[in-house]
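S.K.: Pasting a structure here, questions to come.
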Amino acid sequence: MILGEEDYITEEGEFVVNMGPQHPSTHGVLRLKVWLDGETIKKVEPHLGYIHRSIEKMSESLSYRQYGYLTSRMDYLSAHINNLACALVVEKALQVEVPARAQAIRIVIGELTRIGSHLLWFASAGLDLGGVTPFFYAFREREAINSIMDENCGARLTQNFMVPGGIVYDVRPDFQSRVKEVLKQFKDNFHEYNEILTGNVIFQNRLKDVGILTKEDAIAFGCTGPTARASGLSCDIRKMYPYDGYEKLQFDEVISTGCDSWARYEVRMAEMLQSVRIIEQLIDNIPEGDIVAKTKNVIKLPKGEFYQRVETARGELGVYIVSDGGASPYRCKYRSPNFANLSAIPHIARGYKIGDLIAIMATIDLIIPDIDR
Amino acid sequence: MNTLLSYSFSSLATYFHNWLQSMIGNGILLTITELVIVGVVLLVFLILLAFFLGYMERKVAAFMEIRLGPNRVGPKGTLQIVADTVKLLFKEGFTPDAADKFLFNLAPGIIITTALLAVAPIAFARGFQIWDINIGVLYISSVSSMAVIGILMAGWSSSNKYSLIGAMRCGAQIVSYELSIGLSLVSIVVLTGSLSLNDIVESQANGWWIFKGHIPVMIAFVVFVIASTAEINRAPFDLVEADQELTGGFNTEYAGMKFAMFLMAEYINLFVVSAVAATIFLGGWMPFHIGGLTGFNHVMDYIPSSVWFFGKTLFIIFIIMQFRWTFPRLRIDQLLNLEWKYLLPISMVNVLLVTLMAIMGWHL
Amino acid sequence: MFIKEYFGTIFKSIKSLLTGMKLTGYYFTHLNKIVTEEYPDNRATLKMAERFRGEVIMPHDEKNEHQCTGCQSCELSCPNGSIKIITKQEIQADGKKKKRIDTWVYHLDMCTMCGMCVEACPTTAILMGNEFEHSQYEKKYLKKVLNKPGSRLKDGVE
Numbered sequence: 018m019i020l021g022e023e024d025y026i027t028e029e030g031e032f033v034v035n036m037g038p039q040h041p042s043t044h045g046v047l048r049l050k051v052w053l054d055g056e057t058i059k060k061v062e063p064h065l066g067y068i069h070r071s072i073e074k075m076s077e078s079l080s081y082r083q084y085g086y087l088t089s090r091m092d093y094l095s096a097h098i099n100n101l102a103c104a105l106v107v108e109k110a111l112q113v114e115v116p117a118r119a120q121a122i123r124i125v126i127g128e129l130t131r132i133g134s135h136l137l138w139f140a141s142a143g144l145d146l147g148g149v150t151p152f153f154y155a156f157r158e159r160e161a162i163n164s165i166m167d168e169n170c171g172a173r174l175t176q177n178f179m180v181p182g183g184i185v186y187d188v189r190p191d192f193q194s195r196v197k198e199v200l201k202q203f204k205d206n207f208h209e210y211n212e213i214l215t216g217n218v219i220f221q222n223r224l225k226d227v228g229i230l231t232k233e234d235a236i237a238f239g240c241t242g243p244t245a246r247a248s249g250l251s252c253d254i255r256k257m258y259p260y261d262g263y264e265k266l267q268f269d270e271v272i273s274t275g276c277d278s279w280a281r282y283e284v285r286m287a288e289m290l291q292s293v294r295i296i297e298q299l300i301d302n303i304p305e306g307d308i309v310a311k312t313k314n315v316i317k318l319p320k321g322e323f324y325q326r327v328e329t330a331r332g333e334l335g336v337y338i339v340s341d342g343g344a345s346p347y348r349c350k351y352r353s354p355n356f357a358n359l360s361a362i363p364h365i366a367r368g369y370k371i372g373d374l375i376a377i378m379a380t381i382d383l384i385i386p387d388i389d390r
Numbered sequence: 201m202n203t204l205l206s207y208s209f210s211s212l213a214t215y216f217h218n219w220l221q222s223m224i225g226n227g228i229l230l231t232i233t234e235l236v237i238v239g240v241v242l243l244v245f246l247i248l249l250a251f252f253l254g255y256m257e258r259k260v261a262a263f264m265e266i267r268l269g270p271n272r273v274g275p276k277g278t279l280q281i282v283a284d285t286v287k288l289l290f291k292e293g294f295t296p297d298a299a300d301k302f303l304f305n306l307a308p309g310i311i312i313t314t315a316l317l318a319v320a321p322i323a324f325a326r327g328f329q330i331w332d333i334n335i336g337v338l339y340i341s342s343v344s345s346m347a348v349i350g351i352l353m354a355g356w357s358s359s360n361k362y363s364l365i366g367a368m369r370c371g372a373q374i375v376s377y378e379l380s381i382g383l384s385l386v387s388i389v390v391l392t393g394s395l396s397l398n399d400i401v402e403s404q405a406n407g408w409w410i411f412k413g414h415i416p417v418m419i420a421f422v423v424f425v426i427a428s429t430a431e432i433n434r435a436p437f438d439l440v441e442a443d444q445e446l447t448g449g450f451n452t453e454y455a456g457m458k459f460a461m462f463l464m465a466e467y468i469n470l471f472v473v474s475a476v477a478a479t480i481f482l483g484g485w486m487p488f489h490i491g492g493l494t495g496f497n498h499v500m501d502y503i504p505s506s507v508w509f510f511g512k513t514l515f516i517i518f519i520i521m522q523f524r525w526t527f528p529r530l531r532i533d534q535l536l537n538l539e540w541k542y543l544l545p546i547s548m549v550n551v552l553l554v555t556l557m558a559i560m561g562w563h564l
Numbered sequence: 755m756f757i758k759e760y761f762g763t764i765f766k767s768i769k770s771l772l773t774g775m776k777l778t779g780y781y782f783t784h785l786n787k788i789v790t791e792e793y794p795d796n797r798a799t800l801k802m803a804e805r806f807r808g809e810v811i812m813p814h815d816e817k818n819e820h821q822c823t824g825c826q827s828c829e830l831s832c833p834n835g836s837i838k839i840i841t842k843q844e845i846q847a848d849g850k851k852k853k854r855i856d857t858w859v860y861h862l863d864m865c866t867m868c869g870m871c872v873e874a875c876p877t878t879a880i881l882m883g884n885e886f887e888h889s890q891y892e893k894k895y896l897k898k899v900l901n902k903p904g905s906r907l908k909d910g911v912e
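These protein sequence lines are chains H, C and V, in that order.
Residue numbering for the first sequence follows the working numbering, starting at 18 and increasing by one per position.
Residue numbering for the second sequence follows the working numbering, starting at 201 and increasing by one per position.
Residue numbering for the third sequence follows the working numbering, starting at 755 and increasing by one per position.
Take a look at the structure:
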């Protein structure tokens, strides 16, 4: 929608405040135009495009080996899972069998990424609501996870650990012991998160009954991930359309019917523990063998359309590729979870206070570069 | 020995007064000279105190957040705040174009003045008091609530929407929490029968009110600490600033030394409310005594009265700082709920209990 | 009933707040749990992960020889064009002309440290180095030539 002059004319007693693009609560360059009546929100309008890098268009000039690295810059907190989606779609098109060892390592690193991402979300949710201290407690554990990434993948945030058909290089020999160490540290310290934030009465009151997203709305807006699961919608891609060996693993899909910000908080906290469960099943059973399936030097996808979805830390990421048989995609489209989740904000924030808008944004856990791409 | 124990700063003040009198002679000049000296000494002391509290806050925050805190400037980072102040001094004292320039520049002055005014009747040590006024409690509670004028002025004159929201929140917040503060102070006034801070301290010679007054005074103490945290706009009640919601609230547009004055006023206010809480509930400069244990009491007497006062004040300051670095922020309606639904009814009933206690003489 | 609920809420709230304060109080009194790394001070002991990708380097041996044949695989595999290889024809001892690198230009300012050039390299002529302190005052310093002056291809590398 292009804004005309009339959109800036406000009623008596109403005024417009910009949350962003530079604002402490929108961690990124998202601009929310908020119509206020006193403290109460009458209307919210997200304005996008401040960090558009045309990743989809850039992908059209890159090879199938290269194009995935750009997705690390979309949802940078689940960079590994994004890369996985890009690798999976190529494997699907070429019908390549990924070695079991590569699959297991991919899942372990992917779930570590998910824990790390949720830890950062926990940290920033506390920070958004004014509690600075939880941030540091969560970052202590995230740091440990990041150093595993650093040791094994070569980078802390944009790992680029995937090639179509497997992984770039084998993990280090101390991988298993290091992961166990980090998981132990995480589990030992998890109760601190509950003490400082989850159990805190102020925090609970800030989130409970705030930002009600009903199941119908969640479906209508295309919300996915923990945001939708907190509205009672079963949408875990890992369960519904298992990929890359998730079908062999035991874990629960965390669903809450609370529909409010508190439910979204609880779902994410429980998901971290589920990820720990997944890693614990795998870490001692990483099979030996190849780490990458043989692919051609220059990968060419057969003519056609390919789609692959994965469950990132924030929801469903879909990679849609149209191939004309060449060495690079003819068209590449990402269905990013944050864009859909953002679209729910104007609807669910209406009628709440300014402080609630911050709580809603914090619990929906938006990554702005993923919205714009 | 006994003279050392019961050493009162009033003799020093008298000596000083006499010396000045011999130099200048009696008259209006003497009064003005004394006022200027007291003012300068107080200002220097409070600036140093604000430095110290700023440093303390950053260290406390860091240690609670498993960090090291400032450790670059000076030994263990002690001069960090000085460096920050120098930086703020050299920054441009910017006034926005659309601002009401007179009020915009006046607001920091008002805020710091109200903060300074409230220091006057506080007894720092035995006989060391700037102004021994017989309505000290009333004076403090009325002066400290004037801070709302400064904040409203700052928020309104900035002609910034965030500032305006912050200022309006401040009005609602300070006016409501004023009630609980008043009522919890009243409970001690009822027990003491005096509004003078000196009398209140003297009345605690045989035990602090928090011990003598049983549960009702403890409740009053807790209510006072919570309400005064809200009164001085510190987290978790810092809705006036609310970084994440209002990008700094009423002081969004301020920079340089004007901003530093807000910061200093915040720390002076923090000191004032903690000092008042220490004076009223924890006995001010009175040492800790346990009835019957003469030896123990004697040892306690050796500790100077100013150490007692500052120790208690710092303890309360630490508690208020810990609030800030532990709790998330409340929402505006929850903030008002807390006051009108919880603190106010509780303190009203509490005053009734305290009155009953005072009438029946149940306190020690 | 209402009274019970009212006071129940108060006690529960106070308990939850005290739990939080106990935790922060614990860390305040246990300073040995501090996790801060004092970065510029610990340069001497700072240990980067072996695989950490900080920059592209081209190792030269003691005879000032590298292993780059100038095949340009890295240049092709680089997704954002941070590598530019300029080749020249060099007359060998046996009189034959062969392609050799003249300058191996590395644009650090464009590099995203994805590591694809290193994977693509058939002769392991380039590696990812651990150096991460790349700050410069001017952009021109970020354009680097990786082959050292006077260096030549190692014998036997084709």
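Think of the CB as a built atom: it goes at the ideal place given N, C-alpha and C, for glycine as much as any other residue.
These numbers were taken from a predicted model, which means no experiment stands behind them.
What does D145/H reach in chain C if we use C-beta pairs closer than 8 Å?
M.R.: Those are Q444, listed as they occur along chain C.
S.K.: From which residue to which residue does the beta strand (DSSP E) around A173/H run?
M.R.: Contrary to the premise, residue 173/H reads as Arg rather than Ala in this sequence. Unbroken run through R173/H: none, as it is neither H nor E.
S.K.: In the DSSP output, what is S340/H paired with across the bridge?
M.R.: For S340/H, which the question treats as bridged, DSSP gives the partners G321/H.
S.K.: Check for me: the beta strand (DSSP E) holding Y502/C runs from which residue to which?
M.R.: Unbroken run through Y502/C is the alpha helix (DSSP H), T494 to Y502; no beta strand (DSSP E).
S.K.: Quick check on the DSSP output: the alpha helix (DSSP H) that includes T274/H runs from which residue to which?
M.R.: Run containing T274/H: none; DSSP gives neither H nor E here.
S.K.: Name the DSSP beta bridge partners of T329/H, please?
M.R.: Its beta-bridge partners are G332/H.
S.K.: Looking at the unbroken alpha helix (DSSP H) that takes in R223/H, where does it start and where does it end?
M.R.: Segment V218 to L224, the alpha helix (DSSP H) holding R223/H.
S.K.: If we ignore side chains and look at the alpha-carbon of each, how far apart do K838/V and S248/H end up?
M.R.: Each residue's alpha carbon lies about 52 Å from the other.
S.K.: Would Q280/C pass as an interface residue toward chain V - the criterion being a Cβ-Cβ separation below 7 Å?
M.R.: Answer no: the Cβ-Cβ gap between Q280/C and chain V never drops below 7 Å.
S.K.: Is E31/H helix, strand or coil by DSSP?
M.R.: Note: E31/H maps to coil in three-state DSSP.
S.K.: Just checking: is the beta-carbon of L881/V within a distance shorter than 7 Å of some beta-carbon in chain H?
M.R.: Taking Cβ atoms only, chain H never reaches closer than 7 Å to L881/V, which makes this a no.
S.K.: Give the range of the beta strand (DSSP E) segment to which L49/H is assigned.
M.R.: Residues R48 to D54.
S.K.: If the criterion is Cβ atoms closer than 7 Å, does the pair A121/H and L299/H meet it?
M.R.: Their beta carbons are under 7 Å apart, which means A121/H touches L299/H by this criterion.
S.K.: At the level of alpha carbons, what is the spacing between I247/C and G269/C?
M.R.: I247/C and G269/C: Cα-Cα distance of roughly 21 Å.
S.K.: Going along chain V, which residues have a C-beta under 9 Å from F526/C?
M.R.: The question names Phe, but residue 526/C in the sequence shown is Thr. Here the neighbours are L771, G774, M775, L777, T778 and G779.
S.K.: State the Cα-Cα distance for the pair Y84/H and A361/H, rounded to the nearest angstrom.
M.R.: For Y84/H and A361/H, the distance between alpha carbons rounds to 30 Å.
S.K.: Leaving out five residues before and five after V423/C in sequence, what residues of the same chain have Cβ atoms less than 6 Å from its Cβ?
M.R.: S380, S384, L543 and S547.
S.K.: With 9 Å as the C-beta to C-beta threshold (strictly closer), list the residues of the stretch 424-444 of chain C near chain H in chain order.
M.R.: If the cut-off is 9 Å between Cβ atoms, the stretch 424-444 of chain C has A435, P436, D438, L439, A442, D443 and Q444 near chain H.
S.K.: Rounded to whole angstroms, what's the CA-CA distance from F216/C to D332/C? Just pull it up for me.
M.R.: About 17 Å.
S.K.: Evaluate K512/C with the Cβ neighbour count: other Cβ atoms within 10 Å of its Cβ, from every protein chain shown; 16 or more gives buried, anything less gives exposed.
M.R.: So K512/C ends up on the buried side.
S.K.: Can you tell which of A430/C, M264/C and E466/C has its C-alpha closest to the C-alpha of L535/C?
M.R.: The shortest Cα separation from L535/C among A430/C, M264/C and E466/C belongs to A430/C.
S.K.: How would you list, in chain order, the residues of chain H whose beta-carbon sits under 7 Å from the beta-carbon of M264/C?
M.R.: In chain order: T150.
S.K.: So which residues on chain H does I532/C lean against when the C-beta distance must stay under 7 Å?
M.R.: Those within 7 Å of I532/C in chain H are E56, K370 and G372.
S.K.: Following the continuous beta strand (DSSP E) through L881/V, name the residue where it begins and the one where it ends.
M.R.: Where L881/V is concerned, the enclosing beta strand (DSSP E) stretches over L881 to G883.
S.K.: What are the partner residues of I839/V, as DSSP defines its beta bridges?
M.R.: Bridge partners of I839/V: W858/V.
S.K.: Tell me, please, whether the CB atom of I375/H is closer than 7 Å to any CB atom in chain C?
M.R.: Closer than 7 Å: yes.
S.K.: Tell me whether L395/C is buried or exposed, calling it buried when 16 or more other Cβ atoms sit within 10 Å of its Cβ.
M.R.: L395/C should be labelled buried.
S.K.: State the DSSP-derived secondary structure class of A325/C, mapped to helix, strand or coil.
M.R.: In the structure shown, A325/C sits in a strand (DSSP, three-state: E or B).
S.K.: Alpha carbon to alpha carbon, how far is A874/V from A460/C? Give it in angstroms, no decimals.
M.R.: Straight-line Cα distance between these residues: approximately 57 Å.
S.K.: Less than 7 Å between CB atoms is the rule here; does I384/H satisfy it with respect to chain C?
M.R.: Output row for I384/H: interface = no.
S.K.: Roughly how many angstroms lie between the CA atoms of K311/H and L111/H, to the nearest whole one?
M.R.: Answer to the nearest angstrom: the Cα atoms are 11 Å apart.
S.K.: Is the shortest distance between the beta-carbon of V393/H and the beta-carbons of chain V less than 7 Å?
M.R.: Residue numbering for chain H in the displayed model covers 18 to 390; residue 393/H lies beyond these limits and cannot be assessed.
S.K.: Cβ of K758/V less than 7 Å from any chain C Cβ?
M.R.: Closer than 7 Å: no.
S.K.: Which partner residues of T57/H appear in the DSSP bridge assignment?
M.R.: T57/H is bridged to D54/H and K370/H.
S.K.: How should H489/C be labelled, buried or exposed, when 16 other C-beta atoms within 10 angstroms of its C-beta is the threshold for buried?
M.R.: By the 10 Å Cβ count, H489/C comes out buried.
S.K.: Per DSSP, P63/H is paired with what?
M.R.: Paired residue(s): L49/H.
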